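Asker: Just dropping this structure here.
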Amino acid sequence: MIFALSTDDRTLQVFESEAEAISYAEGIDVEDGVWAFFDDTGHALEPVFTKPNQRGSFVVSSGVYELHLAAPNTPALQAKLSEVSAIENSGQFNTVSEVEAWLASNPSFKRDA
Numbered sequence: 007m008i009f010a011l012s013t014d015d016r017t018l019q020v021f022e023s024e025a026e027a028i029s030y031a032e033g034i035d036v037e038d039g040v041w042a043f044f045d046d047t048g049h050a051l052e053p054v055f056t057k058p059n060q061r062g063s064f065v066v067s068s069g070v071y072e073l074h075l076a077a078p079n080t081p082a083l084q085a086k087l088s089e090v091s092a093i094e095n096s097g098q099f100n101t102v103s104e105v106e107a108w109l110a111s112n113p114s115f116k117r118d119a
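Just add 6 to the spot in the sequence shown (first one is 1) and you have my numbering.
Given below as structure tokens:
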């Protein structure tokens, strides 16, 4: 499971897999900081581009990226939950409280991460 926080409309999307999240979040938007990604334990993920975005005068083309574990000092999802205005694309979570409970119950989640 991958959580993706849209920084422009503050919605939290929940995806079954990394591939699903990547196919949804265009590389151009990711590079511009529109998306923040987290794994199923709440740890931050960072996009690493294997093919860069292309920005021309008339054409913009999204590159290809993967998600890697971010630096330990990167804020975890729990620290960002106060920014969430809605949860979308989730059959498992309906409220921010449910996401928070999920993260708290996960043994590998560290509150200081």
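All C-beta atoms, glycine included, are put in the ideal place defined by N, C-alpha and C.
Predicted, not measured: the structure shown is a model, and the values here were computed from it.
Less than 8 Å between the beta carbons of residue 84 and residue 51, yes or no?
Answerer: Cβ distance not < 8 Å, so residue 84 and residue 51 don't count as in contact.
Asker: In or out: residue 49 buried (at least 16 other Cβ within 10 Å) or exposed?
Answerer: Per the 10 Å Cβ criterion, buried.
Asker: Might you give, ordered along the chain, the residues of its own chain that have their beta carbon closer than 6 Å to the beta carbon of residue 95, omitting 5 neighbours on each side?
Answerer: Same-chain partners within the cutoff: 19 and 20.
Asker: Just mark residue 31 as buried or exposed, buried being the case when its beta carbon has 16 or more other beta carbons within 10 Å.
Answerer: Buried, because 16 or more other Cβ atoms sit within 10 Å of the Cβ of residue 31.
Asker: Just the C-alpha distance for residue 29 and residue 56, rounded to the nearest angstrom, thanks.
Answerer: Cα to Cα, residue 29 sits roughly 15 Å from residue 56.
Asker: Take residue 73 as the anchor and find which of 13, 17 and 27 has the nearest alpha-carbon.
Answerer: Of the candidates 13, 17 and 27, the one whose C-alpha sits nearest the C-alpha of residue 73 is 27.
Asker: Report, in whole angstroms, the separation of the C-beta atoms of residue 42 and residue 11, which I expect to be a contact under 8 Å.
Answerer: About 4 Å separates the two Cβ atoms, so the contact holds.
Asker: Check residue 118 in the structure and name its three-state DSSP category.
Answerer: The predicted model places residue 118 with a pLDDT of 44, which falls under 50 and marks its position as unreliable, so this point remains unresolved.
Asker: Mind listing, in chain order, the continuous alpha helix (DSSP H) runs of no fewer than 4 residues lying wholly within the segment 43-96?
Answerer: Segments of the alpha helix (DSSP H) lying fully in the segment 43-96: 83-86.
Asker: Quick one: using the 10 Å Cβ neighbour count with 16 as the cut-off for buried, is residue 45 buried or exposed?
Answerer: Its Cβ being crowded by 16 or more others within 10 Å, residue 45 is buried.
Asker: Nearest by alpha-carbon distance to residue 22: which of 47, 107 and 8 is it?
Answerer: Out of 47, 107 and 8, 8 has the C-alpha closest to the C-alpha of residue 22.
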